[in-house]
Structure formats: structure tokens, C-alpha cells
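2 protein chains.
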Amino acid sequence: MEDAKEIVTVNVEDAKAVVTNTLQFDDKLIKIRDYAKINNVPIIKDDGMVFLKMLIDIKKPINILEIGTAIGYSSIMMAKDSNCNIYTIERDEKMYNEALKNINECKLNDRINVIFKDALEAFDDVKNIKFDLIFIDAAKAQYTKFFEIYTKLLNKDGMVVCDNMLFHGLVNDTNYENMSRSLRGLVRKLKNFHEYLLNNESYNSTIYDIGDGMAVSILK
Amino acid sequence: MEDAKEIVTVNVEDAKAVVTNTLQFDDKLIKIRDYAKINNVPIIKDDGMVFLKMLIDIKKPINILEIGTAIGYSSIMMAKDSNCNIYTIERDEKMYNEALKNINECKLNDRINVIFKDALEAFDDVKNIKFDLIFIDAAKAQYTKFFEIYTKLLNKDGMVVCDNMLFHGLVNDTNYENMSRSLRGLVRKLKNFHEYLLNNESYNSTIYDIGDGMAVSILK
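If you want it as C-alpha cells, here you go:
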């Protein structure tokens, strides 16, 4: 990962909160980002990535659990410039295979372990590991369940980061009439997760308007 | 500090990036905030405080150096709910005395040490201490000097947080004609500090539109 060829500056238009920082992408990462764009794979926004990398830089986690690998972009970005081991769960076979390919190409297969399962059923695969950071970026309807299942494996002083908390602004949108029934259901579930998180007295949680809305929850 | 009587919710109007979190203030802290308001003492904004407290919560610093005590509000907030020792520097005598009074009233004088000096001349007072976090919130014209002087005392993996990086938005304002000469000078100095920080390869720095613009710089 040493051969960074391009420095991509975070676009301030997109980023309400991150004013200045740079993310470095080498050819392989640029290819992964291009694939995501062409194939409509939702990957973490640049400002969200800057924020997450800062949190990792401060926390220096040893073991990270990621719910929602997609094509491996955020795993690769988290593993790059750090020493952490990542366990990441993906249920979609096409995504899983693409992630494996990308992680191998970036030579990070010794530190990133991709588990091909529905995250609701992968607890046994990781139950003997203690995590310093859990990153949830998967099916939004299941956030509360993911949180409840996997935070059992959180180390003392561990933390959880959840992306998509604002869901393109829809969580704060009161204009329900314009939403389809399934979208309305999803928004309601995310709102419930907000409540759940902010009322969970075992954690100090803050939601930031960074990325697609990122929640940081620190175990008290 | 156990008797929090009021929960002040961060005002989202003010806070571009912090969507949800609460800060707890007891009677003494409410008095300090009221004093600041009445006497035009600039104290850290609520969203900036939420962000700073999150960083402390993740980092768990042992020793914190603060440049710019003012009336002790941020020192008290940082010391509250944590175990850190704080060394804080203030050159204004009235502020210094008010800070001492407030810190005593909050019974935090065993963990907060206020140094009555110009920060440009206080290096010898702290030169034998290693800091995990340096928080700069003082005379904006001197940020580069403060950074250069005191980061010598930063521990491995230490970090620096600077408030007022956007200076009420003036740093990104190109309408110089409406600024007085001294204000223009100050904005230019802050812009130079931005450049200095982002080009300083010993640190990973990100500037956030939180508080009055907060920079987080992590020693590589």
C-alpha cells in the first residue's frame, strides 16, 4: 500500500463537517472506488472515511469487527496505515467474492478475514474474539439487533461506530407522504435505533452529520 | 460533580456536525456559563465541547495541557467524568482568579493546575511533563508558536486539538474589504496556521466544522 499515486482531497461540498483532510488512494483503491460507482455499490463517503480513520488513529484498535463488507473498501481503508486485524461479515455472494479479490490484491488477506454469512447468524464465527471497535454499515433495518448481538464481544473501553444514521437526510424528514411504505418502515426502524442508542446508558453516544450520519458509541 | 441538575441538549441550529448528544451541567457549571455570557468571556461552543469530550473519552489521556484557561470552563468539563490531570495556562489576571475560584468550587483543584503566565513564556513550568493531549484555545495570532513550543512535550501517540480554526467563518471569507486591518491580519495568521498544520508531515490533521472550527492533529 506504499505506492499511493493520487491524493484525493475530500470534497467540501459533500462534507458538512470535515473541512480539510486528504485521503490517499493508490491504483488498486481507485479501481475499487470506480467499481463501486459503476455497479452502484454503496461505499462509505469520503468525509465519513476521514472521520473513521481519525477515530482508528486515536483508538488504535487491535481487533475490528465490521458488519457489512460490501466489496471490502472500508476494510481495506481501515487496515491501511494501521496494524489492526479485521473480521468483516457479508451475506451477498457476489460482494463477498469481489471483496476477497480486492483484499487479496491489496495484500491484506493476512489481516482482513471475510465471513460469508448473514450477520444475524455469524456470532459463533467470532464469539471467541474481543473487539476494540465494531463498525456497523449494513442492512439498516437490523441495526438494533446487530448492536445487541455483537456488543457482547466489545472490550472494556471499546467503541461502536454506525454509518447511515441519517440515511441521506431521510431520518430527519417529516414528509412521510412522499415515501414508499417500505422506505417509511426503514426510516422508522432507524429512528428507533437512534432512540435505542441515545437511551442506552451503558454507552456515551453522539451522532454526527458526517458521512451518511455517523454514530460513535463509547462503552462507559 | 455528581449532582447534575439540568441536561442541556446541544442546539442543532448551532451545530453543523453534532446532531445529537447531551451535556450535563450542575448548578456550578450553569453559574460559570452564565458568567461567561454576561461578561463576554468566549467559551468553547456546546458542539465543540461534545466533540472534545468524545475525543477524550476515546483517548483517555493522563495529562492534558490547555493553552488558554479563560474562566476554567473547558478545563472543568474535560476533568469531569475522567481521571486526567490538567495543566492550563492563562495570562489575564482577572480570568486566572475567576478560573481558580471556579475550579475550587467544583473541587477539581487537585487535578487542574492553573499557571498564571503568558503561554509563550510558560514552557519551563511544564517542561518535565509529557502530555497525551494538548488543547489550544487562546490568542489566535500565536497558534503556530504555541504548537511549535508545546508539541515538544507530546507523548508518543499524542494529539493536539485546536479550537477557533474557522474563526466564526472568517477564515473562509474572501470579503477582505469589510474587515479591519487587524482582523485581516488575524485571519491571515490563522490561514497560515491551517497551511502549517496540513503540511506538517509529523501529524495526521483534520479540520472539522464543529465548535468554532476544530483541528485534530495526531502524532504519527
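Top to bottom, those sequences are chains A and W.
Under the working numbering, the residue at position 88 of the first sequence is numbered 88, and the numbers go up by one with no gaps.
Under the working numbering, the residue at position 178 of the second sequence is numbered 398, and the numbers go up by one with no gaps.
All C-beta atoms in this analysis are idealised placements derived from N, C-alpha and C, irrespective of residue type, glycine included.
- Beyond the five residues adjoining it in sequence on each side, A/Ile67 comes within less than 6 Å, by CB distance, of Ile89, Ala119, Ile136, Ala138, Phe146 in the same chain, given in chain order.
- Annotated three-state conformation of A/Ile56 is helix, per DSSP.
- Contact between the region 45-64 of chain A and the region 211-218 of chain A is present: 3 or more CB-CB pairs across the two stretches fall below 8 Å.
- If you look at A/Lys37, you'll find it in the alpha helix (DSSP H) that goes 27-38.
- Setting aside the 5 residues that flank it on each side, A/Thr206 is surrounded in the same chain by Val216, each with a C-beta closer than 6 Å to its C-beta; the list follows chain order.
- Contact annotation: in the region 267-288 of chain W, residues whose CB is within less than 9 Å of a CB in chain A are Val270, Phe271, Lys273, Met274, Leu275, Asp277, Ile278, Lys279, Lys280.
- Across the set W/Asn333, W/Leu285, W/Ile296, W/Met315, the C-alpha of W/Ile296 shows the shortest separation from the C-alpha of W/Gln244.
- For W/Asn384, same chain residues with a beta-carbon under 7 Å away, outside a window of 5 residues either side, are Asp357, Lys360, Asp432, Gly433 in chain order.
- Looking at the DSSP output, W/Phe351 sits in a beta bridge with W/Leu374.
- Taking the C-beta atoms as reference points, A/Asp157 is found nearer than 8 Å to A/Leu219.
- Assigned with DSSP and collapsed to three states, W/Phe336 falls in strand.
- For the 8 Å CB-CB criterion, W/Ile291 and W/Asn322 form a contact.
- For W/Val436, the nearest CB of chain A lies under 8 Å from its own CB, placing it at the interface with that chain.
- Counting along the chain, no beta strand (DSSP E) covers W/Ala319; the unbroken alpha helix (DSSP H) around it starts and ends at 313-325.
- Along the region 405-434 of chain W, the positions whose C-beta sits under 8 Å from a C-beta of chain A are His414, Leu418, Asn424, Ser425, Thr426, Ile427, Tyr428, Asp429, Ile430, Gly433, read in chain order.
- In the three-state DSSP reduction, W/Glu341 falls in the helix class (H, G or I).
- Short of 8 Å from the beta carbon of W/Asn424, and not among the five residues preceding or following it, lie these beta carbons of its own chain, in chain order: Ser437, Ile438, Lys440.
- Judged by DSSP secondary structure, A/Met165 falls outside any beta strand (DSSP E); it is assigned neither H nor E.
- Those residues of the region 377-388 of chain W placed with their C-beta closer than 9 Å to a C-beta in chain A are Asp377, Met379, Met385, Leu386, ordered along the chain.
- Rounded to the nearest whole angstrom, the CA to CA distance from W/Glu341 to A/Ile38 is 57 Å.
- Residue environment analysis places A/Ser74 among the buried positions, since at least 16 neighbouring C-beta atoms fall within 10 angstroms of its C-beta.
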